[in-house]
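All remarks here apply to the structure that follows.
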Amino acid sequence: MLPKIKSVKPIPNYILEVEFEPSVQKQFSVLTYLKYTVYKPLADISFFNTVTVKYDTVVWGKNEEIDFDPFTIYSEGVSV
Numbered sequence: 008m009l010p011k012i013k014s015v016k017p018i019p020n021y022i023l024e025v026e027f028e029p030s031v032q033k034q035f036s037v038l039t040y041l042k043y044t045v046y047k048p049l050a051d052i053s054f055f056n057t058v059t060v061k062y063d064t065v066v067w068g069k070n071e072e073i074d075f076d077p078f079t080i081y082s083e084g085v086s087v
């Protein structure tokens with residue numbers, strides 16, 4: 008079953024604080040992904056901080072051009 012993201016908050020050092028349903032919280036570092044072309048725009052901290060939740064995952068951009076698989080965030084994230 009694919010985990011559903013309830014909320015997201017950007018915190019320093021390119022980390023996302025993500026709350027999943029039901030009430031599981033993880034911190035996920037985007038830093039290691041910035042080397043990939045698709046994620047390079049996130050290096051702009053102003054853009055990184057515009058993260059939001061849509062379609063049960065985290066997205067950036069006016070047309071949700073950048074996103075992460077919720078399973079990746081869940082499996083690689085650190086429980087808090």
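Just so we're aligned, residue 8 is where the sequence shown starts under our numbering, counting upward by one. Where is the CB? At the ideal position from N, CA and C, for every residue including glycine. Predicted, not measured: the structure shown is a model, and the values here were computed from it.
Query                                                                                                                              : Result
May I ask which residues mark the beginning and end of the beta strand (DSSP E) holding PHE27?                                     : 22 to 28
Could you tell me the distance, in whole angstroms, from the CA atom of ILE52 to the CA atom of ILE73?                             : 14 angstroms
Who are the Cβ neighbours of TRP67 in its own chain at under 7 angstroms, not counting the five residues just before and after it? : LEU49, PHE54, THR57, VAL58, ILE73
Cα-Cα, which of LYS61, LEU38, LYS69, TYR43 is closest to PRO77?                                                                    : LYS61
Classify ILE18: buried if its beta carbon has 16 or more other beta carbons within 10 angstroms, exposed otherwise.                : exposed
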